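Numbering (full-length UniProt numbering), first residue to last: 1 to 271. Below: one structure, written as structure tokens.
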């Protein structure tokens, strides 16, 4: 069974590699955003949160990303009871929640976004991508293509995450995600979307680091003291988090004002 799972993971690597051109395009969009002083918004509900945190912050990562993690949609370890999984799965299909989340930020057409959902069929990730596009933000969707195609959208109109994406990336996992069939066991085990998703996220990250460096703005990478020494690691840690704070401040500085101005005519008169 171990050999079977690892073999399946090797196939995921092939699937990701076949998307090299798409990965390069995503990295270029993200580079344009970061070089403009803005942020790449990264969102995932449920276990897709894993990919959000894989992008930033962690060792080998750098500022420029706004990790949007709603605990009500992603807090799984209690499983049942208060803050349990039943509530999280219910909430990720509540219409209007995505708009409430994004109401906290002053978005710009210079921004870009990565929205992760294996099935691409739950309401909140779909509406998150829809809201981003409505504001002129380029959206990269990370889905499991085979699983998404076989899944039924929870939206009344049947639209899925891929319908609101400028670029779609595929983790390569199978329908249902689980990749190993055990003899005499009714259902398969051991999912693959996390592996495929991590491959995609870190491939983009590597190409993005190259683009930023070649543009004269090498990223401040969170790096272990065992690699660069304790003093330098601390310097990078502080500098990276300071940069994150400064970029994030721009997302809050004009919150609400843009919407108010759109609702007014000349000289501030109501439209």
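Beta carbons: idealized from backbone N, C-alpha and C, even for Gly. None of these values were measured; they are calculated from a predicted model.
Sorted by chain position, which residues of the same chain lie with C-beta nearer than 7 Å to residue 182's C-beta, five sequence neighbours on each side aside?
In the chain shown, residue 182 corresponds to position 182, counting from 1. Cβ neighbours of residue 182 beyond the five flanking positions: 1 and 189.
Which residues does DSSP list as the beta-bridge partners of residue 57?
Numbered from 1 along the chain shown, position 57 holds the residue referred to as residue 57. Paired residues: none, contrary to the question.
Go through its chain and collect everything with a Cβ distance to residue 24's Cβ below 8 Å, but skip five positions before and after it.
On the chain shown, residue 24 is found 24 positions in, with the first residue counted as 1. Closer than 8 Å at Cβ, skipping near neighbours: 207.
With contact counted as at least three CB pairs below 8 Å, one residue from each stretch, are the stretch 33-43 and the stretch 163-178 in contact?
no
Taking only the alpha-carbon atoms, compute the straight-line gap between residue 88 and residue 140 and give it to the nearest angstrom.
Sequence index remark: in the chain shown, residue 88 carries index 88 (1-based). Sequence index remark: in the chain shown, residue 140 carries index 140 (1-based). Cα-Cα distance, rounded: 24 Å.
When burial is assigned at 16 or more other CB atoms within 10 Å of the CB, is residue 19 buried or exposed?
Along the chain shown, one-based indexing puts residue 19 at 19. When all chains shown are included, residue 19 counts as buried.
For a test of your reading of the model: does the CB of residue 84 fall under 8 Å from any non-hydrogen atom of the ligand GTP? Yes or no.
For the ligand GTP, the structure offers nothing, since it holds no ligand at all.
In chain order, what residues of the same chain lie with their CB nearer than 7 Å to the CB of residue 83, ignoring the 5 residues before and after it?
Taking the chain shown and counting its residues from 1, the one referred to as residue 83 is at position 83. Same-chain partners within the cutoff: 75.
Alpha carbon to alpha carbon, what distance is there between residue 8 and residue 245?
Reading the chain shown from its first residue, position 245 is the one you call residue 245. Reading the chain shown from its first residue, position 8 is the one you call residue 8. Straight-line Cα distance between these residues: approximately 40 Å.
May I have a chain-ordered list of the beta strand (DSSP E) segments no shorter than 3 residues that lie completely inside the stretch 60-141?
65-68 and 112-116
Run through DSSP, which three-state label would residue 16 get?
Here residue 16 refers to the residue found at position 16 of the chain shown. It is helical.
Straight-line Cα distance separating residue 119 from residue 151:
Indexing the chain shown from 1 puts residue 151 at position 151. Indexing the chain shown from 1 puts residue 119 at position 119. The alpha-carbon atoms of residue 151 and residue 119 are separated by roughly 6 Å.
DSSP three-state assignment for residue 170, whether helix, strand or coil
The sequence position of residue 170 within the chain shown is 170, counting from 1. Of the three classes helix, strand and coil, the one that applies to residue 170 here is strand, per DSSP.
Same chain only: Cβ atoms within 8 Å of residue 253, ignoring 5 sequence neighbours per side
Sequence index remark: in the chain shown, residue 253 carries index 253 (1-based). Counting only Cβ-Cβ distances below 8 Å, and skipping sequence neighbours, we find 106.
Which same chain residues end up closer than 7 Å to residue 195 when comparing Cβ atoms and leaving out the 5 residues on each side of it in sequence?
Position 195 of the chain shown, counting from 1, holds the residue named residue 195. The residues are 9 and 12.
First and last residue of the uninterrupted beta strand (DSSP E) at residue 190
One-based indexing of the chain shown puts residue 190 at position 190. Element bounds for residue 190: 189-191.
Please state whether the Cβ-Cβ distance between residue 142 and residue 200 is less than 9 Å.
By one-based count along the chain shown, residue 142 stands at place 142. By one-based count along the chain shown, residue 200 stands at place 200. Yes, the pair counts as a contact, with Cβ atoms nearer than the cut-off.
Collapsed DSSP secondary structure at residue 178 in the structure displayed:
Translated into the one-based positions of the chain shown, residue 178 becomes position 178. Three-state result, residue 178: strand.
Helix, strand or coil at residue 201 [DSSP, three-state]:
As a position in the chain shown, residue 201 is number 201, starting the count at 1. Looking at residue 201 - three-state DSSP - the assignment turns out to be helix.
Reference residue 163; option with closest CA among 132, 236, 73 and 65:
Along the chain shown, read from residue 1 onward, the residue named residue 163 stands at position 163. Residue 132 is the option with its Cα nearest to residue 163.
Straight-line Cα distance separating residue 174 from residue 146
By one-based count along the chain shown, residue 146 stands at place 146. By one-based count along the chain shown, residue 174 stands at place 174. Answer to the nearest angstrom: the Cα atoms are 6 Å apart.
Along the beta strand (DSSP E) that carries residue 43, what are the first and last residues, could you check?
Sequence index remark: in the chain shown, residue 43 carries index 43 (1-based). Note, residue 43: beta strand (DSSP E), 40-44.
Quick check on the burial criterion: 16 or more other C-beta atoms within 10 angstroms. Buried or exposed for residue 158?
On the chain shown, position 158 is the one that residue 158 refers to. Counting Cβ neighbours within 10 Å, residue 158 comes out exposed, since fewer than 16 surround it.
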